[in-house]
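Trainee: Sequence order for the protein chains is W and C. Counting along the first sequence from 1, when you hit position 261 you're at 261 in this note's numbering, and nothing is skipped either side. Just remember that this note's numbering sits 1000 ahead of the position in the second sequence, which is counted from 1. Note that the Cβ used here is the ideal one computed from N, Cα and C, for glycine as well. Nothing here was measured: the structure is a model prediction, and the numbers come from that model. The structure is given below, and queries will be raised subsequently.
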Amino acid sequence: MSKSTLFDKVWDLHNVGTLPSGQTQLFIGLHLVHEVTSPQAFAMLRERNLKVMYPDRTVATVDHIVPTENQVRPFADGLAEEMIQHLERNTKEHNIRFYNVGSGSQGIVHVIAPEQGLTQPGMTIACGDSHTSTHGAFGAISFGIGTSQVRDVLASQTLALSKLKVRRVEVNGKLLPGVYAKDVALHIIRKLGVNGGVGYAYEFAGTTFDKMNMEERMTVCNMAIEGGARCGYVNPDQVTYDYLAGRDFAPKGQQWDEAVAWWNSLRSDADAVYDDVVVFDAADIAPTVTWGITPGQGISIDENIPMLDAIPDGEKETAKEAYQYMDLQPGQSLVGMKVDVCFVGSCTNGRISDLREAARVAAGRQVVAGIKAFIVPGSERVKLQAEAEGLDKIFTAAGFEWREAGCSMCLAMNPDKLVGRQISASSSNRNFKGRQGSSSGRTLLMSPAMVVAAAVTGTITDVRSLLN
Amino acid sequence: MDSKVTKISGTAIPLVGNDIDTDRIIPARYLKAVTFDGLGAHVFADDRSQLQGQHPFDMPIYQGAKVLLVNSNFGCGSSREHAPQAIAKWGIQIMVGESFSEIFFGNCVMLGIPCLTVSPETASRLQLMVQENPQTLVTVDLVAQQVSCGDFSDAININEGARQQFIAGTWDACGQLVANGAKIKEVADRLPYLNFG
């Protein structure tokens, strides 16, 4: 059993008590709410005549269903309009802070909370979205929940939970040029498996993480759930504090100094005990692309799609299903594979540093004719910042569409969807069958830079050949 | 209504395959709604339309099944509670498999649907037994922690806290959580960050 890790310390601090079932009643310090998984929860509150216990610890935005082209109200999609209206009504009725479209602070929930300084070390954070693991980048214990649990958090600011085990996932060394945080995430998932993290929180550590900026850490924590770990985190350090300082909701003045001292005390102790430890070498990580139908079916761009013989027995059936669905042959290289759609965005890779890296590759190049390529900033603030830096001009000059903030084609609950058997190079987090809106559509996950490389060459391309 | 879940017995439906994600269980387009109504009709919508009647959820022999038999990492991906809601509304009351995604498992608890784990061999064996004889009854006993099917029986595993919630009928913990308001406030008062800003 783990001991003296950040996970243990934060868990203990938020422990309200032991329930008759033996589970822990855990206080949730920040509850993030969006339009898809909350309307039923608010309805349940009404049915039970319950109120929101801590409205000031609850923050809402709208992201999944937001159109990224035409945002004029009412939305063209009546169902989407109904969902946003419900959120508007529910947040007003319960006095919950709501960042609506056009507020200047709307965006993907996992982008806006960190950028406003709502996400802080030592917090417990829950949201009705599996990618809530993102916020662990700050040294928070942060995880996705379902709608009935959203109801519980609204009503009591707590959840009934059993404690997770803790696995330290260490990566050491310098990332090679053209290798990004996304590649680190895909590499870890590939090595530990899509279910390797079930029952665990992942503590990401080692010199590679020490050197990452906050947005890179968020990318890796975001994808912890794709490796089965409901929760992933990085111990807070000076990088965390430098990012947080001055943000809207960050502590100020004397409180800041007290906060930093408290945050430092939460770091995993040098003699902390873990349930498991795995170690990777950064030098072994290359630009990584998925070829199959789970985020664990990835290969480095230098490799070929694995032969069936090379795949562990338990994964063979999924591999066969993947070869067939993706229409790919074992032993084949992905390099040179034609793509139809190129998407940069999502809670994994829709932040300003992602757009900067994408623009670096796009600058002076052209999207190949016939390819639909679009860039979706993760929030209204990211969009504004990118425009201030002239990134939008670089993208549009190169033939990319420059969109409004939202989840877009990561999960296609809005007009951005694949059509038929289209192949998408995507900076998002899931390549599940049908994920991007067409029941036969195909998704290859990769870093934003690799997506742009695919857009400007028309095929899956090693971005390192385009970087100076 | 008695909310205790101690033993469920019924016909079963085998759904073979690892890593069946919640996007497959209920595609995102069905999430564009403000209620969970009608989700049962759309469970596995895309898989079913592709298999044109040959998907287990469409096969007449499996209609009326209460027990869903799956393999590894079932329910991975999105946290959408719409997934277990759709499965439950189709008629499933309990699931047995090699492993379940953490969030999916938690969502099932909230709906009073136990997800029990067994060895990979037992998961496959149960599926095979039901494929060979779809009328055979599968019985899951949470008190004895055992699954049985014909002459075969084996141990089932489940997180002990969740098992207690099912047996005691306290899987809907909302009321219990709210009732601890004073203790909740104590914790809130000692958390430094609630006083920041």
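Note down the Cα distance separating A363 of chain W from K372 of chain W, rounded to an integer number of angstroms.
Mentor: Residue 363 of chain W sits at position 363 when you count from the first residue of the first sequence. Residue 372 of chain W sits at position 372 when you count from the first residue of the first sequence. Using only the alpha carbons, I get a separation of about 17 Å.
Trainee: Do you know offhand how far E215 of chain W's Cα is from G441 of chain W's?
Mentor: What you label residue 215 of chain W is simply residue 215 of the first sequence in a count that begins at 1. What you label residue 441 of chain W is simply residue 441 of the first sequence in a count that begins at 1. Going from the Cα of E215 of chain W to the Cα of G441 of chain W covers about 29 Å.
Trainee: Measuring straight from C-alpha to C-alpha, what distance separates P251 of chain W and T459 of chain W?
Mentor: For the purposes of this step, residue 251 of chain W is identified with residue 251 of the first sequence, where counting begins at 1. For the purposes of this step, residue 459 of chain W is identified with residue 459 of the first sequence, where counting begins at 1. Roughly 47 Å between the two C-alpha positions.
Trainee: In terms of residue numbering, what span does the beta strand (DSSP E) encompassing Q422 of chain W cover?
Mentor: Reading the first sequence from its first residue, position 422 is the one you call residue 422 of chain W. Taken as a continuous stretch (DSSP letters only), Q422 of chain W belongs to no beta strand (DSSP E), as it is neither H nor E.
Trainee: What's the call for Q149 of chain W, buried or exposed, on a 16-neighbour Cβ count within 10 Å?
Mentor: As a working note, residue 149 of chain W is residue 149 in the first sequence. The residue in question, Q149 of chain W, is buried, as its Cβ has 16 or more Cβ neighbours within 10 Å.
Trainee: Would DSSP call K383 of chain W helix, strand or coil?
Mentor: As a working mapping, residue 383 of chain W is identified with position 383 in the first sequence. It is helical.
Trainee: When you compare only the Cα positions, how much space is there between A1155 of chain C and L1126 of chain C?
Mentor: The residue you call residue 1155 of chain C lines up with position 155 of the second sequence. The residue you call residue 1126 of chain C lines up with position 126 of the second sequence. So the alpha carbons of these two residues sit roughly 13 Å apart.
Trainee: So what does Q1164 of chain C bridge to, in DSSP terms?
Mentor: Against the second sequence, residue 1164 of chain C aligns to sequence position 164. In DSSP, Q1164 of chain C forms no bridge with anything.
Trainee: For the structure I just gave you, are there three or more beta carbon pairs, one from the stretch 1180-1196 of chain C and one from the stretch 1135-1150 of chain C, closer than 8 Å?
Mentor: Short answer: they don't touch.
Trainee: State yes or no: is the C-beta of T68 of chain W within less than 8 Å of the C-beta of S408 of chain W?
Mentor: Translated into the one-based positions of the first sequence, residue 68 of chain W becomes position 68. Translated into the one-based positions of the first sequence, residue 408 of chain W becomes position 408. Yes; because the gap between Cβ atoms is below 8 Å, this pair is in contact.
Trainee: In whole angstroms, what is the alpha-carbon distance linking A449 of chain W and V361 of chain W?
Mentor: Residue mapping note: residue 449 of chain W aligns to position 449 of the first sequence, counting from 1. Residue mapping note: residue 361 of chain W aligns to position 361 of the first sequence, counting from 1. Distance between the alpha carbons of A449 of chain W and V361 of chain W is about 6 Å.
Trainee: Give a yes or no on contact between the stretch 1168-1183 of chain C and the stretch 143-159 of chain W, applying the rule of three or more CB pairs nearer than 8 Å.
Mentor: A contact exists between the stretch 1168-1183 of chain C and the stretch 143-159 of chain W.
Trainee: If we define contact as Cβ-Cβ less than 8 Å, is R1125 of chain C a contact residue for chain W?
Mentor: Residue numbering aside, residue 1125 of chain C sits at position 125 when the second sequence is read from its first letter. Judged by the 8 Å Cβ criterion, R1125 of chain C is not in contact with chain W.
Trainee: For R1143 of chain C, go through chain W and note every residue whose CB falls closer than 8 Å to its CB, in chain order.
Mentor: In the second sequence, residue 1143 of chain C corresponds to position 143, counting from 1. Reading the sequence as shown, one finds Val at residue 1143 of chain C and not Arg. Those do not exist, as V1143 of chain C stays about 15 Å from chain W at its closest Cβ, beyond 8 Å.
Trainee: Would you say E115 of chain W and S379 of chain W are within 8 Å of each other, going by their C-beta atoms?
Mentor: Looking up residue 115 of chain W in the first sequence gives position 115. Looking up residue 379 of chain W in the first sequence gives position 379. Result yes, Cβ atoms of E115 of chain W and S379 of chain W sit closer than 8 Å.
Trainee: Suppose only complete runs of 4+ residues qualify. What are the alpha helix (DSSP H) ranges in the stretch 307-348 of chain W, listed by chain order?
Mentor: As far as the stretch 307-348 of chain W is concerned, its whole alpha helix (DSSP H) runs of at least 4 residues are 313-326.
Trainee: Note down the Cα distance separating I1113 of chain C from A1173 of chain C, rounded to an integer number of angstroms.
Mentor: Here the question's residue 1113 of chain C lines up with position 113 in the second sequence. Here the question's residue 1173 of chain C lines up with position 173 in the second sequence. Each residue's Cα considered, the two are about 14 Å apart.
Trainee: Return the Cβ separation of A282 of chain W and K174 of chain W in integer angstroms, given the expectation that the two are a contact with Cβ distance under 8 Å.
Mentor: Within the first sequence, residue 282 of chain W is the residue found at index 282, counting from 1. Within the first sequence, residue 174 of chain W is the residue found at index 174, counting from 1. Contact flag correct, Cβ pair sits at about 6 Å.
Trainee: Does any residue of chain W have a CB that is nearer than 8 Å to the CB of E1121 of chain C?
Mentor: Residue 1121 of chain C sits at position 121 when you count from the first residue of the second sequence. Chain W, which has no Cβ nearer than 8 Å to the Cβ of E1121 of chain C, makes this no.
Trainee: In three-state terms, what does DSSP make of Y233 of chain W?
Mentor: On the first sequence, residue 233 of chain W is found 233 positions in, with the first residue counted as 1. Three-state DSSP puts Y233 of chain W in a strand.
Trainee: Would DSSP call N222 of chain W helix, strand or coil?
Mentor: On the first sequence, residue 222 of chain W is found 222 positions in, with the first residue counted as 1. Helix at N222 of chain W.
Trainee: Taking 7 Å as the limit between beta carbons, can you name the residues of its chain near T219 of chain W, skipping five residues before and five after?
Mentor: As a first step, residue 219 of chain W is located in the first sequence; it is residue number 219 there, counting from the start. Result list for T219 of chain W: A181, K182, A185, T348 and N349, in chain order.
Trainee: Residues of the stretch 1010-1035 of chain C in Cβ contact with chain W at a cutoff of 9 Å, in chain order, please.
Mentor: Listed by position along the chain: V1016, G1017, N1018, D1019, D1021, T1022, D1023, R1024, P1027, A1028, R1029, L1031, K1032, A1033, V1034 and T1035.
Trainee: Taking C-beta pairs closer than 7 Å, name the residues in chain C that G246 of chain W reaches, listed in chain order.
Mentor: Sequence index remark: in the first sequence, residue 246 of chain W carries index 246 (1-based). By Cβ distance, chain C contributes nothing, its closest Cβ being about 12 Å from G246 of chain W, past 7 Å.
Trainee: Three or more C-beta pairs closer than 8 Å, one from the stretch 228-243 of chain W and one from the stretch 190-205 of chain W: is that the case here?
Mentor: Taking 8 Å as the limit for Cβ pairs, the verdict is that the stretch 190-205 of chain W does touch the stretch 228-243 of chain W.
Trainee: For N414 of chain W, list the residues DSSP reports as bridge partners.
Mentor: For the purposes of this step, residue 414 of chain W is taken as residue 414 along the first sequence, with counting starting at 1. BP columns for N414 of chain W are empty, so no partner.
Trainee: Find the residues of chain W that neighbour A1188 of chain C, judging by a C-beta separation of less than 8 Å, and give them in chain order.
Mentor: Counted from its first residue, the second sequence places residue 1188 of chain C at position 188. What A1188 of chain C touches in chain W: F27, Y54 and Q157.
Trainee: Any beta carbon from chain W within less than 8 Å of Q1146 of chain C's own beta carbon?
Mentor: On the second sequence, residue 1146 of chain C is found 146 positions in, with the first residue counted as 1. For Q1146 of chain C, the answer is no, since every Cβ of chain W falls outside 8 Å of its Cβ.
Trainee: Which parts of the stretch 131-202 of chain W are runs of the beta strand (DSSP E), unbroken and 3 residues or longer, counting only runs that do not cross its ends?
Mentor: 141-144, 158-161 and 165-172, all fully within the stretch 131-202 of chain W.
Trainee: What residues in the stretch 63-95 of chain W bring their beta carbon closer than 7 Å to a beta carbon of chain C?
Mentor: If the cut-off is 7 Å between Cβ atoms, the stretch 63-95 of chain W has I65, L79, A80, E82, M83 and H86 near chain C.
Trainee: Under a Cβ-count criterion, where at least 16 other Cβ atoms within 10 Å of its own Cβ denotes burial, should L13 of chain W be classed as buried or exposed?
Mentor: Mapped onto the first sequence, residue 13 of chain W falls at position 13. Classification for L13 of chain W: buried.
Trainee: Would you say V1112 of chain C lies against chain W (beta-carbon separation less than 8 Å)?
Mentor: Position 112 of the second sequence holds residue 1112 of chain C. Residue identity check: residue 1112 of chain C is Gly in the sequence provided, not Val. No, its Cβ sits nowhere closer than 8 Å to a Cβ of chain W.
Trainee: Since G336 of chain W meets chain C, which of its residues come closer than 8 Å, beta carbon to beta carbon?
Mentor: The count along the first sequence starts at 1 and reaches residue 336 of chain W at position 336. Going along chain C, no residue has its Cβ under 8 Å from G336 of chain W, so there is no contact; the nearest lies around 28 Å.
Trainee: Helix, strand or coil for A1155 of chain C, going by three-state DSSP, please let me know.
Mentor: In the second sequence, the residue the question calls residue 1155 of chain C occupies position 155. Of the three classes helix, strand and coil, the one that applies to A1155 of chain C here is strand, per DSSP.
Trainee: Against chain W, does S1078 of chain C count as a neighbour if the rule is that its beta carbon must be under 8 Å from one of theirs?
Mentor: Counting from 1 along the second sequence, the entry for residue 1078 of chain C is found at position 78. So, interface residue.
Trainee: Which residues of chain W have a Cβ atom closer than 9 Å to the Cβ of D1046 of chain C, listed in chain order?
Mentor: Taking the second sequence and counting its residues from 1, the one referred to as residue 1046 of chain C is at position 46. Chain W residues near D1046 of chain C: K433, G434, S439 and S440.
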